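Notes follow the structure.
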Amino acid sequence: MAAARVVPLILEWERIAVVFGGGYAMVEYHRWYWTSYGHALANNLRSLREMRGLSQTRLAQLSGLSRNLISNLERNESGAKAADPVLSTVYKLAQILYVPPGVLLPGVDEVIAGPCAATTPHLQGRWPVAEHDTAPFSPLYLARAVTDELPEFAAPEPLGTAEITPPKRSPGERRRKR
């Protein structure tokens, strides 16, 4: 008898079929955890977009994707099911956000053994590595950016130069303090 091989079908509830000489016998159901990974992808995308100072509309313009698609990814929603982007979409977003694609994708350095645990965007010990990795884009770059240029980042304030202004008090508060 020929050796059996397992053929996974990627569905919400994945059916594992064992192939015997061309015939299929259903032997087990295996839970597909995409929904939890989709939520983590949504959180990563939203966090990185906000970190860079981009609106959904501006990210859509720069990436060539629709704002609706970006909104659906950030809500982990596509019709009645979880959003499920194609790999080229992930790469376009990573390129525009100027991050490694693995930073958008949750659990890239782990075996999938259950639902995805919520984490912050990172790539196990490899990202972020430089100060600009988590810096917002400069206002000038946000205004004129085109997809074929390297991003410019907002300059961090040098240590000790941040302006601290005391809170404004109402006229009544100023009189009481005297």
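Using my numbering, read the sequence shown as starting at 1070 and increasing by one per residue. Ideal placement from N, C-alpha and C gives every residue a C-beta, glycine not left out. Only a predicted model underlies this, so the values are computations on that prediction, with no experimental measurement involved.
Coil, strand or helix - residue i by DSSP
i, result
"Trp1101", "coil"
"Ser1124", "coil"
"Ser1135", "coil"
"Ser1147", "strand"
CA nearest to the CA of residue i, picked from the options
i, options, result
"Trp1103", "Tyr1167, Asp1202 and Ala1151", "Ala1151"
"Leu1114", "Ser1157, Leu1134 and Val1172", "Val1172"
"Gln1130", "Ile1165, Trp1101 and Val1155", "Ile1165"
"Gly1122", "Leu1174, Ala1204, Gly1183 and Asp1153", "Ala1204"
"Thr1126", "Pro1175, Ala1111, Leu1138 and Ser1116", "Leu1138"
"Glu1218", "Ser1132, Glu1200 and Tyr1106", "Ser1132"
"Trp1196", "Ser1157, Val1168 and Met1120", "Val1168"
"Glu1200", "Glu1179, Pro1184, Ala1224 and Ala1186", "Ala1224"
Residue i classed as buried or exposed, judged by whether at least 16 other C-beta atoms fall within 10 angstroms
i, result
"Leu1209", "exposed"
"Ala1109", "buried"
"Val1177", "exposed"
"Ile1181", "exposed"
"Arg1213", "exposed"
"Glu1143", "buried"
"Ala1163", "buried"
"Val1198", "exposed"
"Leu1128", "buried"
"Ser1124", "exposed"
"Ala1186", "exposed"
Residues of its chain near residue i, where Cβ-Cβ distance is below 8 Å and the 5 sequence neighbours each way are ignored
i, result
"Ala1149", "none"
"Glu1221", "Phe1206, Ser1207, Leu1209 and Tyr1210"
Same chain, Cβ closer than 6 Å to residue i, neighbours up to 5 away in sequence not counted
i, result
"Val1159", "Pro1170 and Leu1173"
Closer than 6 Å: residue i CB and nearest the ligand MN heavy atom
i, result
"Tyr1102", "This structure lacks the ligand MN; in fact it carries no ligand of any kind."
Close Cβ partners of residue i (< 7 Å) along its chain, the five nearest in sequence each way excluded
i, result
"Ser1140", "Gln1125"
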